[in-house]
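Colleague:
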Amino acid sequence: MNPTPLYSALRALSSQGHLRLHMPGHKGKPLFPGWEEVFALDYTETYETGNLYAPDADSPIRPAERLAAACYGAADCHFLTGGSTQGVHAMLAACCTPGGPVLLDRTCHKSAASACALLDLRPAFVFPSTLEPFGFGGMLDLHAVEAALAAHPDAPALLIVSPNYYGVVQDIPALAALCRRYGKLLLVDAAHAAHFPALGLPSPIEQGADAAVVSAHKTLPCLGQGAYLLLSDQVDGGKLRRCEAMVGTSSPSYAILASLDLARAWMQGEGRAAYAAAARQTATLRGEIQQSTPLVALDDAAGLPLDPCRLTLCCARTALDGQAAGQALYARYGIALELTDQRNLVAILTGADSPDDFARLRDALVRLFGSLSGAGAPPPPLPAVPSAEPALPVRRAWFAPCRTVPLHQAVGAICARPVTPYPPGIPLLWPGERITAAHIEFLRCSCYDADGTVQICADASL
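When you line the sequence shown up against my numbering, it's residues 1 to 462, in that order.
#1: Below 8 Å CB to CB, which residues in the same chain sit around residue 402 once its five sequence neighbours on both sides are set aside?
#2: Contact between the region 90-106 and the region 230-239: three or more CB pairs below 8 Å?
#3: Taking the alpha helix (DSSP H) that residue 124 belongs to, which residues open and close that run?
#4: May I ask which residues mark the beginning and end of the beta strand (DSSP E) holding residue 314?
#5: Determine the contact status of residue 278 and residue 350, defining contact as a CB-CB distance below 8 Å.
#6: Near residue 353, what residues of its chain come up, given a Cβ to Cβ distance below 7 Å and the 5 sequence neighbours on each side ignored?
#7: Anyone know if the C-beta pair for residue 56 and residue 50 falls short of 8 Å?
#8: Determine the direct distance from the alpha carbon of residue 120 to that of residue 112, and round the result to whole angstroms.
#9: Could you give the C-beta distance for residue 465 and residue 367, rounded to a whole number, given that I count them as a contact under 8 Å?
#10: Go ahead and pull the three-state DSSP assignment for residue 267.
#11: Return the CA-CA distance between residue 206 and residue 134, expressed in angstroms with no decimal places.
#12: Is it true that the CB of residue 268 sits closer than 8 Å to the CB of residue 71?
#13: Could you give the residue range of the alpha helix (DSSP H) that holds residue 219?
#14: With a threshold of 6 Å on Cβ separation, who are the neighbours of residue 76 within its own chain once the five nearest residues in sequence on each side are excluded?
#15: Throw me the rounded Cβ distance for the residue 191 and residue 142 pair, which I believe falls under 8 Å.
#16: What is the DSSP secondary structure of residue 455, reduced to helix, strand or coil?
#17: Specify, as a first and last residue, the run of the beta strand (DSSP E) that residue 76 falls within.
#18: Can you have a look at residue 318 and say buried or exposed, based on whether 16 or more other CB atoms are within 10 angstroms of its CB?
#19: Report the three-state DSSP secondary structure of residue 145 (helix, strand or coil).
#20: Could you tell me the distance, in whole angstroms, from the CA atom of residue 38 to the CA atom of residue 196?
#21: For the alpha helix (DSSP H) containing residue 85, list its first residue and its last residue.
#22: Pull up the distance between the alpha-carbon of residue 434 and that of residue 410, whole angstroms please.
#23: Could you spell out where the beta strand (DSSP E) holding residue 403 opens and where it closes?
#24: Let me make sure I understand the geometry here. Which of 272, 371, 398 and 414 has the alpha-carbon closest to that of residue 405?
#25: On the DSSP bridge list, what partners appear for residue 101?
#26: Is it true that the CB of residue 262 sits closer than 8 Å to the CB of residue 7?
#27: Please report the straight-line C-alpha distance between residue 428 and residue 398, rounded to a whole angstrom.
#28: Quick one: what's got a C-beta closer than 6 Å to residue 27's C-beta in the same chain, skipping five residues either side?
#29: Would you check whether the ligand PLP has a heavy atom nearer than 7 Å to the C-beta of residue 199?
#30: Is the CB-CB distance between residue 424 and residue 165 below 8 Å?
#31: Just how far apart, CA to CA, sit residue 470 and residue 396?
#32: Note down the Cα distance separating residue 248 from residue 59, rounded to an integer number of angstroms.
#33: Using a Cβ-Cβ cutoff of less than 6 Å, which residues in the same chain neighbour residue 48 once the five nearest sequence positions on both sides are dropped?
#34: Can you tell me whether residue 212 is helix, strand or coil according to DSSP?
#35: Below 8 Å on the Cβ atoms is my contact criterion, and I expect residue 225 with residue 370 to pass it. Report the Cβ-Cβ distance as a whole number of Å.
#36: What does the alpha-carbon distance come out to for the pair residue 86 and residue 214?
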């Protein structure tokens, strides 16, 4: 395997038989079956382990981070144990002014909304076009992005999502060029792109972004919450590290840190062939499913850059909606998908999936959908997400007294918490936005039933 300085150091340390009179409380002892290696490597900031937020020259963390930076073609890399949420919070905290504006891709994860509340940021949005028949956001329109950059000269940064939950990759080189032209930083929530180096695909930093966060735990063999924050030479790494400490735990899991080191090494070694095989099998599976069922696969025919290992299938032309199909796959065939929505099924496929796993998924989809009649008429386009009027700053609405009401009683009220179907975790309404009848109708048609509820600001005088 490729070098793993942090994992190797922790493993060597655990073999020395020290009396561990420090955190964590398990003291490295195998108290539960199957946890022997995890507990043995799970340290705290003590002798020879280093400090995640203040790594010195002797820390095994820094060489591990530098190897990850080289893997992603970045000037530097910081390990995170709070997932991409920690990275989104840290990037916005380091690059934006509290109380000031920020430009956001409207399909940003809900972590961007909580960052705006914590940092008192004023968001302005750019909207991707809707991709039919799938009904989700596709590419950002470069003209619309440029108009937003010109309209908000005091916004220091633009945060986008690439790839999105469904696998659509943005034109980062073009977006980076626009941001440079207008003197702004380009930040990328690339949570679902950790495996891109194994496929020979460039990281956002290699494409011109100033900072990006990737969730190793989403698509690499890494423990949950492990993420890499990638930096260009245009951002202040020291300031970012301080912001990471502010929004992260002061007791980071060394088991997660070690898994970040291992995941990168595996991806650069035997994992490279495993991901290449997964990409080939995903492409084959897309074709087989389209030939054998009325499902529509998001593939190269869409003319969009895509994650080669993301399987997105639209069932809008079938008798089953996405949620019902996902439940049937789980109940009948024991297959748990990553995401189902009204129209789509999404599976994350990685180098850990075997040919038998691909065959099992294919057979289940063919059995479930192959008996259905041929593809029906294309569904009518979903209505666009209604525009929203910001009535209050995000922070003020978030921390104001609130109450929960049925959807039909929310018309005219001010949203107090993000209205966020999860996954994909994209807020349809942000705190501080006025809720209209159009929003209620959209939520009923696309996300919730008639008994759904929302949280609104309790004080009508706001």
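Heads up, the beta-carbon is just placed ideally off N, CA and C, and yes, glycines get one too.
Modeller: So, to answer that:
#1: Residue mapping note: residue 402 aligns to position 402 of the sequence shown, counting from 1. These residues qualify, in order along the chain: 416, 417, 455, 456, 457 and 458.
#2: yes
#3: Your numbering for residue 124 matches position 124 in the sequence shown. Element bounds for residue 124: not the alpha helix (DSSP H) but the beta strand (DSSP E), 122-126.
#4: Residue mapping note: residue 314 aligns to position 314 of the sequence shown, counting from 1. First-last of the beta strand (DSSP E) with residue 314: 310-314.
#5: By 1-based counting over the sequence shown, the position of residue 278 is 278. By 1-based counting over the sequence shown, the position of residue 350 is 350. Cβ distance < 8 Å, so residue 278 and residue 350 count as in contact.
#6: Start at 1 with the first residue of the sequence shown, and residue 353 comes out as number 353. These residues qualify, in order along the chain: 278.
#7: Position 56 of the sequence shown holds residue 56. Position 50 of the sequence shown holds residue 50. Taking 8 Å as the Cβ cut-off, residue 56 and residue 50 qualify as a contacting pair.
#8: Along the sequence shown, read from residue 1 onward, the residue named residue 112 stands at position 112. Along the sequence shown, read from residue 1 onward, the residue named residue 120 stands at position 120. Whole-angstrom Cα-Cα distance: 11 Å.
#9: Lying outside 1 to 462, the shown extent of the chain, residue 465 is not represented and no answer is given.
#10: Reading the sequence shown from its first residue, position 267 is the one you call residue 267. Here residue 267 sits in helix by DSSP.
#11: The residue you call residue 206 lines up with position 206 of the sequence shown. The residue you call residue 134 lines up with position 134 of the sequence shown. The alpha-carbon atoms of residue 206 and residue 134 are separated by roughly 30 Å.
#12: Position 71 of the sequence shown, counted from the first residue, corresponds to residue 71. Position 268 of the sequence shown, counted from the first residue, corresponds to residue 268. In contact: residue 71 and residue 268 (Cβ atoms closer than 8 Å).
#13: For the purposes of this step, residue 219 is taken as the residue at position 219 of the sequence shown. Per DSSP, residue 219 belongs to the alpha helix (DSSP H) from 216-219.
#14: Here residue 76 refers to the residue found at position 76 of the sequence shown. Correct list, in chain order: 69, 231 and 237.
#15: For the purposes of this step, residue 191 is taken as residue 191 along the sequence shown, with counting starting at 1. For the purposes of this step, residue 142 is taken as residue 142 along the sequence shown, with counting starting at 1. That pair is no contact at about 23 Å.
#16: On the sequence shown, position 455 is the one that residue 455 refers to. The answer is strand: DSSP assigns residue 455 an E or B state.
#17: Sequence index remark: in the sequence shown, residue 76 carries index 76 (1-based). Unbroken beta strand (DSSP E) run through residue 76: 76-80.
#18: The residue you call residue 318 lines up with position 318 of the sequence shown. Buried, by the Cβ-count rule.
#19: For the purposes of this step, residue 145 is taken as residue 145 along the sequence shown, with counting starting at 1. Helix at residue 145.
#20: Along the sequence shown, read from residue 1 onward, the residue named residue 38 stands at position 38. Along the sequence shown, read from residue 1 onward, the residue named residue 196 stands at position 196. Spanning the two alpha carbons is a distance of roughly 27 Å.
#21: Against the sequence shown, residue 85 aligns to sequence position 85. First-last of the alpha helix (DSSP H) with residue 85: 83-95.
#22: Here the question's residue 434 lines up with position 434 in the sequence shown. Here the question's residue 410 lines up with position 410 in the sequence shown. Approximately 9 Å, taken between the alpha carbons.
#23: In the sequence shown, residue 403 corresponds to position 403, counting from 1. Its beta strand (DSSP E) spans residues 402-406.
#24: Numbered from its first residue, the sequence shown carries residue 405 at position 405. The residue with the shortest Cα to Cα distance from residue 405 is 414.
#25: Counting from one through the sequence shown, the residue named residue 101 turns up at place 101. Note: residue 101 sits in a beta bridge opposite 122.
#26: Residue numbering aside, residue 7 sits at position 7 when the sequence shown is read from its first letter. Residue numbering aside, residue 262 sits at position 262 when the sequence shown is read from its first letter. Result yes, Cβ atoms of residue 7 and residue 262 sit closer than 8 Å.
#27: What you label residue 428 is simply residue 428 of the sequence shown in a count that begins at 1. What you label residue 398 is simply residue 398 of the sequence shown in a count that begins at 1. The straight-line gap from Cα to Cα measures roughly 15 Å.
#28: For this step, residue 27 is matched to residue 27 along the sequence shown. 20.
#29: Ligands are entirely absent from the displayed structure, and the ligand PLP is therefore not among its contents.
#30: Taking the sequence shown and counting its residues from 1, one reaches residue 424 at position 424. Taking the sequence shown and counting its residues from 1, one reaches residue 165 at position 165. In this structure, residue 165 lies closer than 8 Å to residue 424 by Cβ.
#31: This structure does not reach residue 470, given that the chain is present from 1 up to 462, and the question cannot be answered.
#32: Numbered from 1 along the sequence shown, position 248 holds the residue referred to as residue 248. Numbered from 1 along the sequence shown, position 59 holds the residue referred to as residue 59. About 19 Å.
#33: Along the sequence shown, one-based indexing puts residue 48 at 48. 13, listed in sequence order.
#34: Sequence index remark: in the sequence shown, residue 212 carries index 212 (1-based). Three-state result, residue 212: strand.
#35: Taking the first residue of the sequence shown as 1, we reach residue 225 at position 225. Taking the first residue of the sequence shown as 1, we reach residue 370 at position 370. The Cβ separation is near 39 Å, so there is no contact.
#36: If you number the sequence shown from 1, residue 86 lands on position 86. If you number the sequence shown from 1, residue 214 lands on position 214. Their backbone Cα atoms lie some 11 Å apart in a straight line.
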